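In order, the protein sequences belong to chains A and B.
Using the numbering used here, read the first sequence as starting at -13 and increasing by one per residue.
Using the numbering used here, read the second sequence as starting at 11 and increasing by one per residue.
A short write-up of the structure that comes next.
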Amino acid sequence: MTSDDPDLHTLVGAYVLDAVSPEERARFSAHLAWCSACRAEISELREAAASLGTAQAARARPDLRAATVAAAQLTGQLAPVIARKDIQAGHGRAARSSGAIRWISAAAAAIAVAAGVAFGTHAVDMQGRDSRHASGIVTDVLLAPDAVMRSAPVRTGGMAIVVASRRKHMAVFIAHGLRSLPRTSRYELWLMGPRGERPAGLLAVHRGGMAGPAVISGMSRGDMVGLTVEPASGSLKPTSVPVLMISPRGR
Amino acid sequence: MGSEHDARGKRVTAGPQRAWGHPGAGARSPLGPASRLDDLLANVARGDELAYEAVYDLTSGWVLGVARKVLRDPAMAEEVMQEVMLEIWRRASRFDPVLGSGTAWVMMLAHRRAVDRVRAERSHADREMRAATAVIEFDEVTEAVEASLERERVQRCLASLTQLQRECVSLAYYGGYTYAEVAELLGVPAGTVKTRMRDGLIRLRDCLGGPGVQR
């Protein structure tokens, strides 16, 4: 079942980047036990991914060294494994000799497939939208060196994330699990701070209560991002109590 | 020393007289840290504490760097770094040089742990905040990345990717986002994101010098 799943193989890149859900990670790891081509590809791509990490090398505080080494001396080590290699880590080469591992892998895959079905519908939902234009800006903000991420629950349900870059005077707003509203009203974003309350855009809510990414520009010092429920046409000033206030203020 | 890296189980004497290097030095060494790290890990698997100290010196800076980048919180990054360093000690016997370099193995442990942690923090913040206030503060990280040839090389190769490839790879690796989240963030189909992650990594690999090239 899993070994022939053509969709699964397309996860190679995401798997190497750890950009998969725990269920997909398990499903793909199980798939690796059968797919030697995947294992070869993964070990190559993993070298490239590792470079992304080593390029960020920092200097650790010197005092951590003694503490960590001492902790290691008190920590037991896993015994070497002969018959079984770590499938999770892509080390599935020896698994062919182990019926038990095959069975466990298959069971894990079956569970993961069930979980993955629900997951897949969510991803497909996002396909219709055309926001390529904004995506460059979104990425700019998300990867800005001074980007700060905050998350907070929305009072009426759902979770919101704001990533803000003070230097760029911009923020990106994303939410999921928002309560759906009647046709007569909509969510509206606001910048609220010393410069007053300024509208920052109406939000469209998609399936799963997902909204955004919405780019908020013109942020200034002391601004918070607010969310209110407004008449469908939107408002120039908030007409209801915010269901969310997030402060992207840095230190 | 260059011929030793594929010798599984080969014993390499780790002693105080051997200079294993210090953080950052390996990337520019002509032999490269890769094969040496593989040998050291084989010794760590046998409980060699001196080899472990050498592994710590070679890799802790990498591990801390990636943790900082993903977590954006210096204190949390240090915690993750220590956890990963202990995991290296504990799991060294599971490292198999035939399946990839020691560098890739260490960075896989590091990145996976950092990503798991950042996702847990996000959902933890979710739970905490429901009970408390609607405002949450995250520490801002001052980027303290060492300038290095390695860093420049990777930046150059990242720049050779298409914009979408670069966005997909960066948001996943440095942002800790899943491909589904990246699709959402960029407003492109999830299938496209998966494909771009894969061909982006392939292009990155080719640019960095292809498989099997020791740094």
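The beta carbon of each residue, even a glycine, is placed where N, CA and C say it ideally should be.
Every value quoted in this text rests on a predicted model; they were computed, and no experiment measured them.
Quiz item: From this set, A:Arg165, A:Pro217, A:Val140 and A:Ser29, which residue's C-alpha is nearest glycine 194 of chain A's C-alpha?
Solution: A:Arg165
Quiz item: Taking the alpha-carbon positions, what's the alanine 5 of chain A to glycine 112 of chain B distance?
Solution: 22 Å
Exercise. To the nearest angstrom, report how far apart leucine 167 of chain A and glutamate 183 of chain A are at their CA atoms.
Key: 23 Å
Quiz item: Does the region 22 to 30 of chain A come close enough to the region 157 to 165 of chain B to have 3 or more Cβ pairs within less than 8 Å?
Solution: no
Quiz item: Of the residues that make up the region 43 to 66 of chain A, which ones have a beta carbon closer than 9 Å to any beta carbon in chain B?
Solution: Ala43, Ala44, Arg45, Ala46, Arg47, Leu50, Arg51, Ala53, Thr54, Val55, Ala57, Ala58, Gln59, Thr61, Gly62, Gln63, Leu64, Ala65 and Pro66
Quiz prompt | Minimum Cβ-Cβ distance from alanine 0 of chain A to chain B less than 9 Å | solution = yes
Quiz prompt | Cut-off 7 Å between Cβ atoms - residues of its own chain near lysine 79 of chain B, not counting five sequence neighbours on either side | solution = Tyr184
Quiz item: Start and end of the alpha helix (DSSP H) containing histidine 17 of chain A?
Solution: 8 to 18
Quiz item: Does the beta-carbon of lysine 204 of chain B have 16 or more other beta-carbons within 10 angstroms, so that it is buried, or is it exposed?
Solution: buried
Exercise. Give me whichever residues DSSP pairs with leucine 230 of chain A in a beta bridge.
Key: A:Leu213
Practice problem: Alpha carbon to alpha carbon, how far is aspartate 67 of chain B from glycine 36 of chain B? Give it in angstroms, no decimals. | Solution: A caution first: glycine 36 of chain B carries a pLDDT of 39, below 50, which makes its placement in the model unreliable, though a value can still be read off. When rounded, the distance between both Cα atoms is 10 Å.
Self-check item: Whole-angstrom distance between alanine 57 of chain A and leucine 50 of chain A, CA atom to CA atom
Solution: 10 Å
Practice problem: Starting from alanine 169 of chain B, follow the alpha helix (DSSP H) in both directions and report where the run begins and ends. | Solution: 159 to 169
Quiz item: Quick one: what's tryptophan 249 of chain A bridged to in DSSP?
Solution: Residue 249 of chain A lies beyond the range of chain A shown here (-13 to 237); nothing can be said about it.
Quiz item: Which residues in the same chain have their Cβ closer than 7 Å to the Cβ of aspartate 48 of chain B, if we skip the five residues on either side of it in sequence?
Solution: His15, Pro107, Ser111 and Gly112
Quiz item: Based on Cα-Cα distance, which residue from A:Ser137, A:Gln59 and A:Arg169 lies nearest to leucine 230 of chain A?
Solution: A:Ser137
Quiz item: Can a CB atom of chain A be found closer than 9 Å to the CB of arginine 46 of chain B?
Solution: no
Quiz prompt | Candidates A:His162, A:Met145, A:Arg11 and A:Met178: closest to lysine 223 of chain A by CA position | solution = A:Met178
Self-check item: Supposed close pair glycine -1 of chain A, glycine 210 of chain B - CB separation, criterion 8 Å
Solution: 7 Å
Practice problem: Check the Cβ-Cβ distances between threonine 172 of chain B and every residue of chain A, and say whether any is below 9 Å. | Solution: no
Exercise. State the DSSP-derived secondary structure class of serine 203 of chain A, mapped to helix, strand or coil.
Key: strand
Practice problem: Just the chain A side, please: which residues come within less than 8 Å of alanine 114 of chain B by C-beta, in chain order? | Solution: Ser29, Arg32, Glu33, Ala35 and Ala36
Quiz item: Can at least three beta-carbon pairs, one atom from the region 37 to 49 of chain A and one from the region 48 to 62 of chain B, be found at a separation below 8 Å?
Solution: no
Quiz prompt | alanine 182 of chain B in three-state terms, based on DSSP | solution = helix
Exercise. Give the residues of chain A in contact with valine 90 of chain B, contact being defined as C-beta atoms less than 7 Å apart.
Key: By Cβ distance, chain A contributes nothing, its closest Cβ being about 12 Å from valine 90 of chain B, past 7 Å.
Exercise. Write down the C-beta distance between valine 201 of chain A and valine 134 of chain A rounded to the nearest angstrom, noting that I regard them as a contact closer than 8 Å.
Key: Contact flag wrong, Cβ pair sits at about 16 Å.
Exercise. Just the C-alpha distance for alanine 34 of chain A and serine 133 of chain B, rounded to the nearest angstrom, thanks.
Key: 30 Å
Exercise. Can you pull the chain B residues whose beta carbon is under 7 Å from the beta carbon of isoleucine 202 of chain A, in chain order?
Key: Here the premise fails: no neighbours, minimum Cβ distance about 14 Å.
Practice problem: Determine the burial state of glutamine 175 of chain B: buried for a count of at least 16 other Cβ atoms within 10 Å of its Cβ, exposed for fewer. | Solution: buried
Quiz item: Whole-angstrom Cβ separation of glutamate 59 of chain B and glutamine 42 of chain A, contact assumed at under 8 Å?
Solution: That belief does not hold up - the Cβ atoms of glutamate 59 of chain B and glutamine 42 of chain A are roughly 28 Å apart, past 8 Å.
Exercise. Please classify glycine 143 of chain A: does DSSP put it in a helix, a strand, or coil?
Key: coil
Self-check item: Below-9 Å beta-carbon distance, methionine 207 of chain B vs any chain A residue
Solution: yes
Quiz item: Taking 9 Å as the CB-CB limit, is methionine -3 of chain A close to chain B?
Solution: Inspection of the sequence shows that residue -3 of chain A is occupied by leucine rather than by methionine. It does: the Cβ of leucine -3 of chain A has a partner Cβ on chain B nearer than 9 Å.
Practice problem: Kindly identify the DSSP beta-bridge partner or partners of valine 191 of chain A. | Solution: A:Ala197
Quiz item: Shorter than 9 Å from the beta carbon of arginine 153 of chain A to some beta carbon of chain B?
Solution: no
Quiz item: To which residues of the same chain is arginine 206 of chain B closer than 6 Å at the C-beta, ignoring the five residues directly before and after it?
Solution: Leu174, Gln175 and Cys178
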